[in-house]
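Protein chains in written order, with our numbering: chain A, 481 to 793; chain B, 481 to 793. Cβ coordinates follow ideal geometry from the N, Cα and C atoms, glycine included. See below for the structure under consideration.
Put into structure tokens, the structure is as follows:
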């Protein structure tokens, strides 16, 4: 609720009972919220409870916040009843524009306009979703990564009629609710994470299609090679560390020409001075100017933990 | 040595004292081998020892094999002396073709032709490297991922004059020596892992160049989103699990059209029946037909461990 502080939210409504909607419900329960799920049909209840109980095993292992309990969960197939106490709504219905438009039209009428409605959509634009909503200011896209109760990322962007304060409020809310929100600068298909993931996926498909690698080899290459690093650092920081004392600047100046090599089917952008500096400055800022020894120790310590974890299996 | 079993190798020579050559030396020492490093110049000795001692902190933490000791390390700037007791040679000199050709010519004369010489090259072809080598059969590319003492991947391929038995022997040797070798089916620039990594990297550069994301947002998107999964499973198995009970088949049949969406600048290959089936069969084979519940539990348990590890920091 925009007239309420994000930290005062107690009651969350999750609309949709699939893996994303159910995953969100589990996440919010583990964070100590009172959660009501709206189900399209009562027959979905069984699968939803199985999903939440399965998630709970993992969530207990990570550690619940004080007061978190499955007893704080309720469900209904009555939309008005599902949303009457809502102080925040997380919508995760199927990715069909007409369905979402109809839902947001209805929610726009029955839900207090001060309550934020966040859509888990991975491919639709809020500008399109909010088109028939009478109270669009408080609607926003908040795309999680599956499973939402184990991966913290939430990519956010508003639609044309979303109020900037809605983005600010929701970003703050997600931080309090144990997520890592990322407010996009521009609307771009696939947001950031899906685009990066899709680039790998398409290159992998090319390799299988060309007989250059098997499915198993692709997976082995990732899990035994760059994969463990990506759990710890993103591609930019990895090269910033890979550049040694010289950091990203050394990397780009030394290996810039490699961008012309056919090391993937993806053509690289031109490495202009502007792009070079954006990468270098971005790395220094992101790492708060930490030196190579510190960053390298952080990376190695993390890889040691992952190696030990894998050895135990 | 091809006339000796891979499990009987005791003495390894590492040629080159940079991050890769030094990283290999540390790895082999931790595996209990007697290691001799060849240094181009005695002045490199200090930096090499710092690198090995730094690696040793991580290696002790993971756990050394019985008998592993830094006392098993020696070094020299005399190539003949460095290689006289070698039962396996790991070469990691700079990526300059003429340098490698000259070295392999020399090694081809002074080293017992039964001793395998493996090159850490990431970009050169063994066909080119072995061109002046009188005994090329035992030469092979074995490309590690940095740091070689923490990431197990070794991508292998022979040159035109490499004997198939050299690949088989070396693959076996690496398995014994604690690495995860991957024998490539075809020579392809960047092997597998670097191509996949490069696809992500280029897409990231495009996003920064277009003002679609900052450096920090790209890294956050990976670390809080797909990154932790890649430490546990490759892109194929992730979608195989993501497809639920239906596995990869469901994924491709349902989301195949997404390959046409502009979710990255990388154009996807056409999803022919052949490619579809190669992906589906490959996943079933790789996972030994394990069901969704088992694979999903493996993924969640791993993500829980990574989440706990990150929370402790």
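- Those residues of the segment 705-718 of chain A placed with their C-beta closer than 8 Å to a C-beta in chain B are 705, 706, 707, 708, 709, 710, 711, 712, 713, 714, 715, 716 and 717, ordered along the chain.
- With a beta-carbon spacing of about 6 Å, residue 605 of chain B and residue 639 of chain B fall inside the 8 Å limit used to define contacts.
- Between residue 634 of chain A and residue 624 of chain A the beta-carbon gap is near 5 Å, inside 8 Å, which marks them as a contact.
- DSSP places residue 760 of chain B inside the alpha helix (DSSP H), whose first and last residues are 753-766.
- Residue-level contact check: residue 650 of chain A does not touch chain B, since none of the beta carbons of chain B fall below 8 Å from its beta carbon.
- Annotation for residue 671 of chain A: no alpha helix (DSSP H) segment contains it, and DSSP assigns it neither H nor E.
- The beta carbon of residue 677 of chain B lies closer than 8 Å to none in the same chain, with the five residues before and after it left out.
- Contact residues of the segment 669-686 of chain B toward chain A are 669, 670, 671, 672, 673, 674, 675, 676, 677, 678, 679, 680, 681, 682, 683, 684, 685 and 686 (C-beta to C-beta distance below 9 Å).
- Contact with chain A is found for residue 763 of chain B, since one of that chain's Cβ atoms lies less than 8 Å from the residue's Cβ.
- Residue contact check for residue 745 of chain B against chain A: a CB pair falls below 8 Å.
- Residue 640 of chain B is outside the set of residues whose beta carbon lies under 8 Å from a beta carbon in chain A.
- For residue 700 of chain A, the C-beta contacts it makes with chain B under 8 Å involve 633, 660, 662 and 714, in order along the chain.
- A straight-line Cα-Cα distance of about 23 Å links residue 547 of chain A and residue 780 of chain B.
- Pairwise C-beta distances place the segment 704-723 of chain B in contact with the segment 710-730 of chain A, as three or more of them are shorter than 8 Å.
- Here residue 578 of chain A is exposed. Its C-beta has fewer than 16 other C-beta atoms within 10 Å.
- If you check the CB distance, residue 653 of chain B and residue 719 of chain B do not come in under 8 Å.
- Contact between residue 688 of chain A and residue 759 of chain B holds, with the beta-carbon distance rounding to 6 Å and staying under 8 Å.
- Under the Cβ criterion (8 Å, minimum of three pairs), the segment 718-732 of chain A does not count as touching the segment 745-757 of chain B.
- At least one CB atom of chain B sits nearer than 8 Å to the CB of residue 696 of chain A.
- Burial check for residue 791 of chain A: the Cβ neighbour count within 10 Å stays below 16, so the residue is exposed.
- Excluding the 5 residues flanking it on each side, residue 636 of chain A has same chain C-beta neighbours closer than 7 Å at 620, 621, 622, 647, 650, 651, 661, 662, 663 and 664, in chain order.
- Between the segment 525-542 of chain B and the segment 482-496 of chain B, the count of C-beta pairs closer than 8 Å stays below three; the two stretches do not touch.
- For residue 652 of chain A, the uninterrupted alpha helix (DSSP H) run begins and ends at 644-656, by DSSP.
- Contact of residue 523 of chain A with chain B is not assigned, every C-beta pair being separated by 8 Å or more.
- Residues of the same chain with a CB within less than 8 Å of the CB of residue 590 of chain A, apart from the 5 flanking positions on each side, are 559, 560 and 563 in chain order.
- Across the set A:742, A:484 and A:756, the C-alpha of A:756 shows the shortest separation from the C-alpha of residue 694 of chain B.
- Interface flag for residue 758 of chain B against chain A is set, since a Cβ pair is found closer than 8 Å.
- Counting the other Cβ atoms within 10 Å of the Cβ of residue 675 of chain B gives 16 or more, which makes it buried.
- Annotation: residue 672 of chain B to residue 697 of chain A spans about 8 Å, alpha carbon to alpha carbon.
- Residue 735 of chain B and residue 572 of chain A have their C-alpha atoms some 18 Å from each other.
- Here residue 662 of chain A carries a strand assignment [DSSP, helix/strand/coil].
- With respect to chain A, the C-beta atom of residue 770 of chain B has no partner C-beta closer than 8 Å.
- When beta bridges are read from the DSSP output, residue 779 of chain A appears opposite no residue.
- Comparing C-alpha distances from residue 772 of chain B to each of B:726, B:783, B:765 and B:489 shows the shortest one belongs to B:726.
- Boundaries of the alpha helix (DSSP H) harbouring residue 577 of chain B: 577-590, taken from the DSSP string.
- For a Cβ distance threshold of 7 Å, residue set 665 and 666 of chain B lies close to residue 691 of chain A, ordered along the chain.
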